[in-house]
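Asks:
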Amino acid sequence: MHGPSYLRNVTREARLEYFAILRDATLTIAQQKVKIFEWADRNGVAEHLTAYNVNETLMKEEMRRNVSQVMSELPYAVQRMQEVIDNEEQTYAQQRQALRNLTMENPILYRAAKFVNDLFSRRCCGGRGGPGPRGGPGPRGGPRPRGGPRGPGRQTDSSFTGYDEDMEESNTNNNTKTRVSG
Numbered sequence: 423m424h425g426p427s428y429l430r431n432v433t434r435e436a437r438l439e440y441f442a443i444l445r446d447a448t449l450t451i452a453q454q455k456v457k458i459f460e461w462a463d464r465n466g467v468a469e470h471l472t473a474y475n476v477n478e479t480l481m482k483e484e485m486r487r488n489v490s491q492v493m494s495e496l497p498y499a500v501q502r503m504q505e506v507i508d509n510e511e512q513t514y515a516q517q518r519q520a521l522r523n524l525t526m527e528n529p530i531l532y533r534a535a536k537f538v539n540d541l542f543s544r545r546c547c548g549g550r551g552g553p554g555p556r557g558g559p560g561p562r563g564g565p566r567p568r569g570g571p572r573g574p575g576r577q578t579d580s581s582f583t584g585y586d587e588d589m590e591e592s593n594t595n596n597n598t599k600t601r602v603s604g
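Under the working numbering, the sequence shown has 599 at position 177, and the numbering climbs by one with no breaks.
Laid out in structure tokens, this is it:
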């Protein structure tokens, strides 16, 4: 059965009534809450609903604390990531491993840092599928084929740490401007 745990203790008709309240798009959130509390009273699950709502409130507060914590630590994480990326005294394999090591320290924080970094690095530097003949397929702003050189997509294994070949490609694309081929 789908839905909150307090729905287990009511009849099928009561569940249908509950979901009808949720589907009513004309109700504000506050009105919907009032109707659900009235429904819970009629169906003898008001205590279960209250306990459920208390638990939901606690989870929401914890999530907000966690988000605030990550946001406060993000500048330091981005700085550490950029230090690894800017270190030219390492191979790309060593760079990938150093980024994986950072990710293992705090996976959520460093995935957030990678996400923010990727937002800007692909936009400003051409990235995969960028404009023009060197940046990727197709004309500027035109349709692009699905996928890339590896096909329409790839699966990641369970050991994914947030840094994959995309990071290597991004770094390779950024560094090719300074290399001289010969």
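Built from N, CA and C at the ideal position, the CB exists for glycine as well.
#1: Which residue marks the beginning of the alpha helix (DSSP H) containing R522, and which one marks its end?
#2: In this structure, does DSSP put D540 in helix, strand or coil?
#3: Which residue from L521, E510, N477 and Q504 puts its Cα closest to that of S543?
#4: By the 10 Å Cβ neighbour count, where 16 or more other Cβ atoms means buried, how is L541 classified, buried or exposed?
#5: When DSSP labels each residue in this structure, what does T448 get in the three-state scheme?
#6: Under a Cβ-count criterion, where at least 16 other Cβ atoms within 10 Å of its own Cβ denotes burial, should R518 be classed as buried or exposed?
#7: Applying the criterion that 16 or more other CB atoms from any shown protein chain within 10 Å of the CB defines a buried residue, is A610 buried or exposed?
#8: What residues in its chain sit with their C-beta under 6 Å from that of G554, if we drop five residues either side in the sequence?
Replies: Checking against the coordinates, here is how it stands:
#1: To locate residue 522, count along the sequence shown from 1; it is residue 100. Element bounds for R522: Y514 to E527.
#2: Translated into positions along the sequence shown, residue 540 becomes position 118. If DSSP states are grouped into helix, strand and coil, D540 belongs with the helices.
#3: Mapped onto the sequence shown, residue 543 falls at position 121. The shortest Cα separation from S543 among L521, E510, N477 and Q504 belongs to Q504.
#4: Within the sequence shown, the letter at position 119 stands for residue 541. L541 is exposed by the Cβ-count criterion.
#5: Translated into positions along the sequence shown, residue 448 becomes position 26. Note: T448 maps to coil in three-state DSSP.
#6: As a first step, residue 518 must be located in the sequence shown, where it is residue number 96. When all chains shown are included, R518 counts as buried.
#7: In the structure displayed, the chain extends from 423 to 604; residue 610 sits before or after that span and is not available.
#8: Along the sequence shown, read from residue 1 onward, the residue named residue 554 stands at position 132. Low confidence applies here, because G554 scores a pLDDT of 49, under 50, leaving its location unreliable; read the following figure in that light. For G554, where only same-chain residues beyond five positions count, there are no Cβ hits under 6 Å.
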